[in-house]
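Peer 1: Below are the C-alpha cells for one structure; questions will follow.
In the numbering used here, the protein residues as written are 16 to 112.
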C-alpha cells in the first residue's frame, strides 16, 4: 500500500512504497509529536501507533477524516517523486482533483 508522508517542517511530500518504508528511520519522539502526517493512497489520513516494543505502525484514522491529503497539497513546496508518482499533478488526479 502506497503511503504519502507530509513533513510539516520541510513542507515536503514523499511517496513510500508501504507503511514500513514510511516509518523507517523516524524517531518515536518525532512520530508522537506528529511532525509528519501520513496518508493512504486514497488520500485518507493514517494514524501512527507507537507500540510498547518500540516499533510503530500505521492504521486508518477515522476520527481525523476531515484531514485529507488534498488539504495539505497547497502547502507542499517539495515533492519526492517516484516513477509511479512523477509529480503533484498525478497525485491530484488520483484524488479526483
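Backbone N, C-alpha and C fix where the C-beta goes; we use that ideal spot for every residue, glycine too.
Being a predicted model, the structure only gives us computed values, none of them experimental.
Specify, as a first and last residue, the run of the alpha helix (DSSP H) that residue 43 falls within.
Peer 2: Per DSSP, residue 43 belongs to the alpha helix (DSSP H) from 43–47.
Peer 1: Considering only DSSP beta bridges, list what residue 31 is partnered with.
Peer 2: DSSP lists 18 as partners of residue 31.
Peer 1: Using the rule of at least 16 other Cβ atoms within 10 Å of the residue's Cβ for burial, across every protein chain shown, is residue 34 buried or exposed?
Peer 2: Residue 34 should be labelled buried.
Peer 1: Can you find at least 3 beta carbon pairs, one from the region 20–38 and one from the region 75–95, that sit closer than 8 Å?
Peer 2: Touching, yes.
Peer 1: In its own chain, which residues sit with a C-beta less than 7 Å from the C-beta of residue 74, not counting the 5 before and 5 after it?
Peer 2: Closer than 7 Å at the Cβ level, and outside the excluded window around residue 74, lie 61, 62, 64.
Peer 1: My guess is that residue 71 and residue 46 are in contact by the Cβ rule of under 8 Å, so how many angstroms apart are they, rounded?
Peer 2: Right, their Cβ atoms sit about 6 Å apart.
Peer 1: In angstroms with no decimal places, state the Cα-to-Cα distance between residue 112 and residue 82.
Peer 2: Taking the straight line joining both Cα atoms gives about 16 Å.
Peer 1: Take residue 52 as the anchor and find which of 18, 69, 36, 67 has the nearest alpha-carbon.
Peer 2: Residue 52 has its Cα closest to that of 18, out of 18, 69, 36, 67.
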